[in-house]
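J.:
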Amino acid sequence: MKMTITAGIDIGTGAVKTVLFRVEGDKTEWLAKRNDRIRQRDPFKLAEEAYNGLLEEAGLKASDVDYVATTGEGESLAFHTGHFYSMTTHARGAVYLNPEARAVLDIGALHGRAIRNDERGKVETYKMTSQCASGSGQFLENIARYLGIAQDEIGSLSTQADNPEVVSSICAVLAETDVINMVSRDISAPNILKGIHISMAGRLAKLLKSVGAREGVVLCTGGLALDEGLLKTLNESIQEQKMAVVAYNHPDSPYAGAIGAALWGAFRHEKLARLGQQQVAEAA
1 MKMTITAGID IGTGAVKTVL FRVEGDKTEW LAKRNDRIRQ RDPFKLAEEA YNGLLEEAGL
61 KASDVDYVAT TGEGESLAFH TGHFYSMTTH ARGAVYLNPE ARAVLDIGAL HGRAIRNDER
121 GKVETYKMTS QCASGSGQFL ENIARYLGIA QDEIGSLSTQ ADNPEVVSSI CAVLAETDVI
181 NMVSRDISAP NILKGIHISM AGRLAKLLKS VGAREGVVLC TGGLALDEGL LKTLNESIQE
241 QKMAVVAYNH PDSPYAGAIG AALWGAFRHE KLARLGQQQV AEAA
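Residue numbers (full-length UniProt numbering): 1 to 284.
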């Protein structure tokens, strides 16, 4: 079977994730990866720079790549070969990272999304929160900035809480007002962050229940997947709601969308190649 070189580019609201894979039948080799925060930069220029950087790192030329697959907001990227919906790519990427995953929680900058999938990473159903919900990466980033802490401190501080103050509002603007009032009442940063995590986790657990993910492994993907405080609180909420699932993350969880795009791209490329060979044979 012919070897396929494929790229996956996931353009999100907060970051661009780019990966390169070599695929040969059931064998996959991860060649390179990048995760670049957008930070007011043009995401399409950033994606092109990241892609060129990966090619250089892997010692490849653009002509060596058989398929460039995009997901997220990447459909308008000038040099892409094909585009895949993000729920499809996150499901496929999740199964690649954890073959036991039968559900995915994609927790991104603007929303949370629950996906139920089969063992191949095929989406069976999904549901997402509204953009206004205070259960997003952007909301947590704003709160961290207000509290004067780094984003990578959020998870560890949350686990230190001893009397969490729950944020009840699902509106991000009102929730931020709640947090300002908490600070004025001298509520500690750990208790504020744990309270936010409790609010987010409760809604995410309900999302999982709504898509029928009631048992097995759930893999968290997206920008908040590596927030250990949120993961811990999510599993607490899952237990409270008497669901027989366990949520996990993976060190490469933020790349799940890009991984899924690359692997689906390889599948599509190989399928088109077989179809072309069949048409040539029939014409002969």
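Idealized CB from N, CA, C, for every residue including glycine.
Could you give the first and the last residue of the continuous alpha helix (DSSP H) run that contains R185?
T.: One-based indexing of the sequence shown puts residue 185 at position 185. Premise fails: R185 is in no alpha helix (DSSP H) and is neither H nor E.
J.: Return yes when the Cβ of H269 is within less than 8 angstroms of the Cβ of T6, no when it is not.
T.: Looking up residue 6 in the sequence shown gives position 6. Looking up residue 269 in the sequence shown gives position 269. For T6 and H269, yes; Cβs fall inside 8 angstroms.
J.: K232 lies in the beta strand (DSSP E); which residues open and close that run?
T.: What you label residue 232 is simply residue 232 of the sequence shown in a count that begins at 1. Looking at the DSSP string, K232 is not in any beta strand (DSSP E); the run it does join, the alpha helix (DSSP H), is E228 to E240.
J.: Roughly how far, in whole angstroms, is the beta-carbon of A144 from the beta-carbon of Q138, given that I think they are within contact range, below 8 angstroms?
T.: Residue 144 sits at position 144 when you count from the first residue of the sequence shown. Residue 138 sits at position 138 when you count from the first residue of the sequence shown. Wrong, their Cβ atoms sit about 11 angstroms apart, outside the cutoff.
J.: On the CB-based measure, 16 or more other CB atoms within 10 Å of its CB, does K194 come out buried or exposed?
T.: By one-based count along the sequence shown, residue 194 stands at place 194. Classification of K194: buried, given that the 10 Å Cβ count is 16 or more.
J.: Hey, how far is the Cα of K27 from the Cα of I259?
T.: The residue you call residue 27 lines up with position 27 of the sequence shown. The residue you call residue 259 lines up with position 259 of the sequence shown. About 14 angstroms.
J.: Leaving out five residues on either side along the sequence, give the residues of the same chain with a beta carbon under 7 angstroms from the beta carbon of V164.
T.: For the purposes of this step, residue 164 is identified with residue 164 of the sequence shown, where counting begins at 1. Sequence check: residue 164 is Pro here, not Val. Around P164: N191, K194, G195 and I198.
J.: DSSP state of A273, grouped into three classes?
T.: Taking the first residue of the sequence shown as position 1, residue 273 is located at position 273. A273 falls in the helix class under three-state DSSP.
J.: Counting Cβ pairs, one atom from each stretch, are 3 or more of them under 8 angstroms apart for the stretch 4 to 21 and the stretch 248 to 255?
T.: The stretch 4 to 21, when compared against the stretch 248 to 255, does touch it at the 8 angstroms Cβ threshold.
J.: Give the range of the alpha helix (DSSP H) segment to which V95 is assigned.
T.: By one-based count along the sequence shown, residue 95 stands at place 95. Here the alpha helix (DSSP H) through V95 covers S86 to L97.
J.: Relative to the alpha-carbon of D106, which residue among E100, G93, P99 and D118 has its alpha-carbon at the smallest distance?
T.: By one-based count along the sequence shown, residue 106 stands at place 106. Comparing Cα positions, the closest option is G93.
J.: By Cβ distance, which residues of its chain are closer than 8 angstroms to L226, with the 5 residues on each side in sequence left out?
T.: Translated into positions along the sequence shown, residue 226 becomes position 226. Answer for L226: G155, N249, P251, S253 and P254, listed in chain order.
J.: In whole angstroms, give me the CA-to-CA distance for L128 and R113.
T.: Counting from 1 along the sequence shown, the entry for residue 128 is found at position 128. Counting from 1 along the sequence shown, the entry for residue 113 is found at position 113. Here the sequence assigns Met to residue 128, which means Leu is not the residue at that position. Taking the straight line from one Cα to the other gives about 4 angstroms.
J.: What's the gap between the Cα of S63 and the Cα of L55?
T.: What you label residue 63 is simply residue 63 of the sequence shown in a count that begins at 1. What you label residue 55 is simply residue 55 of the sequence shown in a count that begins at 1. Those two C-alpha atoms are separated by around 10 angstroms.
J.: Return helix, strand or coil for K45, following the three-state DSSP convention.
T.: Numbered from its first residue, the sequence shown carries residue 45 at position 45. It is helical.
J.: With H, G and I counted as helix, E and B as strand and the rest as coil, what does DSSP make of V16?
T.: For the purposes of this step, residue 16 is taken as the residue at position 16 of the sequence shown. V16 falls in the strand class under three-state DSSP.
J.: Measuring CA to CA, which of L157, W30 and G216 is closest to S188?
T.: In the sequence shown, counting from the first residue as 1, residue 188 sits at position 188. Of the candidates L157, W30 and G216, the one whose C-alpha sits nearest the C-alpha of S188 is L157.
J.: In its own chain, which residues sit with a C-beta less than 6 angstroms from the C-beta of A284, not counting the 5 before and 5 after it?
T.: As a working note, residue 284 is residue 284 in the sequence shown. With a pLDDT of 49 at A284, under the threshold of 50, the modelled position of this residue cannot be trusted; read the value that follows with caution. No residues qualify anywhere along the chain.
J.: If you count every other CB in all the chains shown that lies within 10 Å of the CB of Y146, and 16 or more means buried, which is it?
T.: One-based indexing of the sequence shown puts residue 146 at position 146. It is exposed - the Cβ of Y146 has fewer than 16 other Cβ atoms within 10 Å.
J.: Quick check: what's the CA-CA separation for K232 versus A273?
T.: By 1-based counting over the sequence shown, the position of residue 232 is 232. By 1-based counting over the sequence shown, the position of residue 273 is 273. About 45 angstroms.
J.: Assign D66 to one of three DSSP states: helix, strand, or coil.
T.: Looking up residue 66 in the sequence shown gives position 66. D66: coil per DSSP, three-state reduction.
J.: Using 8 angstroms as the cut-off, can you tell me whether the stretch 215 to 224 makes contact with the stretch 238 to 248, which would need three or more C-beta pairs spanning the two stretches below that distance?
T.: They touch, by the three-pair rule.
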